[in-house]
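Residue numbers (the working numbering): 5 to 249.
The beta-carbon is built from N, C-alpha and C at its ideal position, and this holds for glycine as well.
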């Protein structure tokens with residue numbers, strides 16, 4: 005009986021590993037280690053991207069894929085993945101993306117490549133506050149369903165940059181071909197900070213070897229116009245919450 009209960013308990017933990025106390029921090033910092041930490045042991049460290057990002061002129065838009073599944077305690081009263089749990093998974097997926105794309109920039113800050121810092125230290129790393137997140141839900145994600153989050157840098161201006169994330173899964177159609185199912189689309193607005201200093205996105209992209217005239221043209225003509233209306237939110241902050249007169 006005790007052995008049976010033990011197996012039940014282990015199965016419970018495995019099925020709900022995301023909701024174990026402290027699991028968020030373990031998952032987040034493990035993602036940071038995989039993205040920023042372990043690559044320092046590679047021969048290409050610190051001035052080459054360990055994942056080969058930068059070999060193509062449009063690599064700034066290269067996506068990152070974060071794979072996971074919906075655990076039992078992520079479901080809500082409708083018995084599908086709760087809306088609030090999407091934001092936790094976005095933290096992991098976006099961190100993985102930033103580690104993939106801005107790895108060289110982070111390394112250069114750490115080794116004081118530009119000479120702007122007093123010493124070499126991981127304390128030189130910039131940080132990335134989230135300014136806004138918008139999610140559009142299309143199809144539900146059920147308990148135990150496997151899915152992936154496809155994320156990429158989408159657009160930027162002189163202060164902000166945007167990450168586009170899609171929650172997708174796969175299923176076979178009647179002909180046995182694998183088709184993609186879109187569940188949710190998210191736009192995250194970020195700013196890069198080093199202390200109180202705001203780092204221009206282009207500066208970080210150039211340091212990472214990812215900026216060029218072609219990506220700037222695509223951003224200016226195609227992508228930025230899709231999100232420009234999300235930049236100025238002052239009118240919302242000043243909105244009166246009392247009944248209109």
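Under the Cβ criterion (8 angstroms, minimum of three pairs), the region 170-184 does not count as touching the region 195-202. When C-beta atoms of the region 164-171 are compared with those of the region 110-126, fewer than three pairs fall below 8 angstroms, so the two segments do not count as touching.
CA-CA distance, residue 29 to residue 40, rounds to 16 angstroms. For residue 211, the enclosing alpha helix (DSSP H) has its first and last residue at 205-211.
From the listed residues 89, 92, 34, 132, the smallest Cα separation to residue 202 is found for 132.
For residue 139, the enclosing beta strand (DSSP E) covers residues 134-141. In terms of Cα proximity to residue 157, the closest of 35, 66, 50, 60 is 66. Secondary structure of residue 228 (DSSP, three-state): helix. For residue 105, the enclosing alpha helix (DSSP H) has its first and last residue at 89-105. If you look at residue 78, you'll find it isn't in any alpha helix (DSSP H); DSSP assigns it neither H nor E. Annotated three-state conformation of residue 182 is strand, per DSSP. In the structure shown, residue 111 adopts helical secondary structure according to DSSP, grouped into three states. Taking C-beta separations shorter than 7 angstroms and ignoring five residues to either side along the sequence, the partners of residue 86 in its chain run 78, 79, 80, following chain order. Residue burial is scored here from C-beta neighbours: residue 68 has at least 16 other C-beta atoms within 10 angstroms and is therefore classed as buried. With at least 16 other beta carbons inside 10 angstroms of its own, residue 153 counts as buried. In this structure, residue 189 lies away from residue 137, with their beta-carbon atoms at least 8 angstroms apart. Minimum Cα-Cα distance from residue 101 among the listed residues 221, 192, 240 corresponds to 192. Residue state for residue 121 is assigned as coil, using DSSP reduced to three classes. Residues 75 of the same chain have their beta carbon placed closer than 6 angstroms to that of residue 22, with the five preceding and five following residues left out of the count. Shown here for residue 61: same chain residues with a beta carbon closer than 7 angstroms to its own, the five before and five after excluded, namely 216, 218 in chain order. Residue 171 sits close to residue 151, with the two beta carbons spaced by under 8 angstroms.
A Cβ-Cβ separation of about 5 angstroms places residue 108 in contact with residue 212 under the 8 angstroms criterion.
When the beta-carbon positions are compared, residue 142 and residue 186 come within less than 8 angstroms of each other.
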